[in-house]
Structure formats: structure tokens, C-alpha cells
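Undergrad: Number 102 in our numbering belongs to position 96 of the sequence shown; there are no gaps in the numbering.
Cβ atoms here follow ideal geometry from the backbone N, Cα and C, with glycine treated the same way.
The structure that follows is given in the form of C-alpha cells.
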Amino acid sequence: FARSGASAIDVILKSLLTTIGYYVPPFGVKASPSICTEIAGVRDPFYHFTHAPPQMFEPLLERPGYRFIYQYRDPRDSVISWAYNEISEGNVKGNVDFEAVLKKIIISRHHLTEHISRAREWFSLGDKVLSVSFEEMKENKAKVIKNIIRFLGISELIDVNAINSAVSEYSDLQYAGSLDVKEARLDKLKLVRCERGVSRAWVSGLTPVNKLLLKKISGHYLIELGYEKDLNW
């Protein structure tokens with residue numbers, strides 16, 4: 007999973023898959039090469055949520071018993087979310103200029119450019135990867151989870167009622183407390199944003215300059231994903 011709001015899917019999948027014997031490795035979202043040498047073939051089946059690129063799992067990509075799920079989001083919305091997150095996490099020192107933070111994220115090769123590059127690498131793997139959009143996830147989590155379970159070939163092991171129950175248990179409301187803390191940090195800096203986790207926040211959240219920068223860097227990628235038909239946005 008990329009940094010595209012996939013944590014909402016992660017907690018649901020983790021709760022469902024562990025009930026049927028899946029192992030969850032003790033690695034963070036950056037993963038570890040040891041997952042291919044110490045986990046795969048030793049602690050199968052296993053489930054791991056990560057932001058890592060395909061190269062991290064190269065030994066497993068050609069093995070038929072392993073599947074991958076990749077969630078993506080409109081990068082125009084992603085960069086706005088990342089900017090607010092950097093600020094709320096206290097990673098921006100000194101006077102906070104939101105537009106400057108956003109611009110830095112857009113042009114940094116460690117943020118948007120790398121994100122797009124990794125996304126294309128995952129998409130290039132074809133049927134080995136199930137691609138899920140952020141918008142699909144927000145619209146109907148239960149449907150997305152069912153599609154993932156079907157893709158994994160374990161539909162007969164997980165009851166539909168269990169899926170619906172997990173989706174209800176791990177709804178967005180479960181994160182209200184931690185999100186309120188982050189929003190409070192933004193409020194102290196007099197940074198107020200519209201509802202978080204929504205699509206097309208970029209329409210009102212991008213200045214003409216940042217919009218142009220995004221178009222140059224991610225314009226063709228947006229067309230590839232089907233978010234736009236051309237560069238006239």
C-alpha cells in the first residue's frame with residue numbers, strides 16, 4: 007500500500023486474516039528484505055502492510071502463491087494530505103507556511119516523484135497485483151474487502167458477515183480521537199482545512215503555481231489512472 011489512506015483497509019484485513027491463521031510480521035511500513043528470507047516459506051500464509059516498492063519483494067514476485075494489493079489515490083489530493091500530516095506531526099520547524107510545505111512535497115523527488123515511480127512499478131506487474139483506488143475504498147469498504155478476499159482466493163474461509171462486522175468495527179469513527187489530536191495541532195497554527203479524507207480537495211486547495219507544478223509532474227500519470235482525460239484541468 008502506498009501513502010494513500012490505506013490504513014483503513016489494513017486494520018480490517020489484519021483482523022480478518024489473523025482469524026484464519028495468517029501471520030503478521032513485526033516490520034513497520036518500510037518493510038525489510040528479511041521478509042523474503044525469514045518469513046516467506048517459513049511463516050506462510052502471512053500478511054504485511056507496507057509502503058515499500060516491488061523490489062523489496064522481488065524473490066516473491068514470480069512465485070504463484072503470493073499476491074499483492076496496491077491502493078492508489080489522486081496525487082493532487084495526496085500531496086495536500088501529506089502536507090497537513092507533515093505539519094501536524096511536527097516535522098516542519100519554525101514558522102509554518104503551508105504553501106511552501108506543499109510546494110516542497112510536490113517538487114521533492116522523495117515525495118511525489120518517487121510515489122508515482124513506485125505506483126507505475128506496481129501497476130506494471132499486471133494480474134499479480136489488485137489495484138484499489140482510494141475513492142473506491144471510501145465509497146464502499148465492504149465491497150473492496152470482499153474483492154480483496156476473492157483475489158486472495160480465500161472467500162470460502164471468511165464469512166460475509168465477518169467482513170461486514172469488521173468493517174463496522176473498524177469504521178472511520180474509530181480514529182476520531184487520534185485525528186482530533188492532529189487537527190488540534192493544526193488549529194494552534196491557525197491552519198484550518200475542509201473535511202479530511204475526501205476526494206477532489208485539490209480543486210480548492212491548490213494555488214495556480216502549485217497546480218501548474220503538479221500538472222508538469224503528475225499530469226500524464228493522472229491520465230493513466232483515469233482521473234483526467236487530458237492536461238486541461
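To the nearest angstrom, how far is the alpha carbon of residue 209 from that of residue 80?
TA: Walking along the sequence shown from the start, residue 209 turns up at place 203. Walking along the sequence shown from the start, residue 80 turns up at place 74. Roughly 12 angstroms between the two C-alpha positions.
Undergrad: Does residue 75 come out as helix, strand or coil in the three-state DSSP assignment?
TA: For the purposes of this step, residue 75 is identified with residue 69 of the sequence shown, where counting begins at 1. Residue 75: strand per DSSP, three-state reduction.
Undergrad: Give the DSSP bridge partners of residue 138, in chain order.
TA: Walking along the sequence shown from the start, residue 138 turns up at place 132. Partner(s): 77.
Undergrad: So does the segment 76 to 95 actually touch the segment 219 to 230, counting three or more Cβ pairs closer than 8 angstroms?
TA: yes
Undergrad: Cutting at 6 angstroms between CB atoms, please list the residues of its own chain near residue 14, excluding the five before and the five after it.
TA: As a position in the sequence shown, residue 14 is number 8, starting the count at 1. Contacts found: none.
Undergrad: Between residue 113 and the rest of its own chain, which residues show a CB-CB distance below 7 angstroms, the 5 nearest in sequence each way excluded?
TA: Numbered from 1 along the sequence shown, position 107 holds the residue referred to as residue 113. In its chain, beyond the 5 residues on either side, 219 have a beta carbon closer than 7 angstroms to the beta carbon of residue 113.
Undergrad: With which residues is residue 29 paired in a DSSP beta bridge?
TA: Here residue 29 refers to the residue found at position 23 when the sequence shown is read from its first residue. 52, per the DSSP bridge assignment.
Undergrad: With H, G and I counted as helix, E and B as strand and the rest as coil, what does DSSP make of residue 3?
TA: This structure leaves residue 3 out entirely; the chain is present only between 7 and 239.
Undergrad: With 16 as the cutoff for other CB atoms within 10 Å, does residue 235 come out buried or exposed?
TA: Against the sequence shown, residue 235 aligns to sequence position 229. With fewer than 16 Cβ atoms within 10 Å of its Cβ, residue 235 is classed as exposed.
Undergrad: Since I believe residue 20 is in contact with residue 53 (beta carbons under 8 angstroms), could you give me their beta-carbon distance rounded to a whole number of angstroms?
TA: Translated into the one-based positions of the sequence shown, residue 53 becomes position 47. Translated into the one-based positions of the sequence shown, residue 20 becomes position 14. Between residue 20 and residue 53 the Cβ distance is about 7 angstroms, and since that is below 8 angstroms, they are a contact.
Undergrad: Since I believe residue 216 is in contact with residue 109 (beta carbons under 8 angstroms), could you give me their beta-carbon distance rounded to a whole number of angstroms?
TA: Position 103 of the sequence shown, counted from the first residue, corresponds to residue 109. Position 210 of the sequence shown, counted from the first residue, corresponds to residue 216. Yes, they are in contact, since the Cβ atoms of residue 109 and residue 216 sit about 6 angstroms apart, within 8 angstroms.
Undergrad: Rounded to whole angstroms, what is the Cα-Cα separation between residue 24 and residue 31?
TA: Along the sequence shown, one-based indexing puts residue 24 at 18. Along the sequence shown, one-based indexing puts residue 31 at 25. Those two C-alpha atoms are separated by around 11 angstroms.
Undergrad: Run through DSSP, which three-state label would residue 15 get?
TA: Against the sequence shown, residue 15 aligns to sequence position 9. Helix.
Undergrad: Straight-line CA distance for residue 239 to residue 33?
TA: To locate residue 239, count along the sequence shown from 1; it is residue 233. To locate residue 33, count along the sequence shown from 1; it is residue 27. Spanning the two alpha carbons is a distance of roughly 40 angstroms.
Undergrad: Is residue 213 close to the ligand HEM? I mean its beta-carbon at under 7 angstroms from any heavy atom of the ligand.
TA: Looking for the ligand HEM in the displayed structure turns up nothing, as the structure carries no ligands at all.
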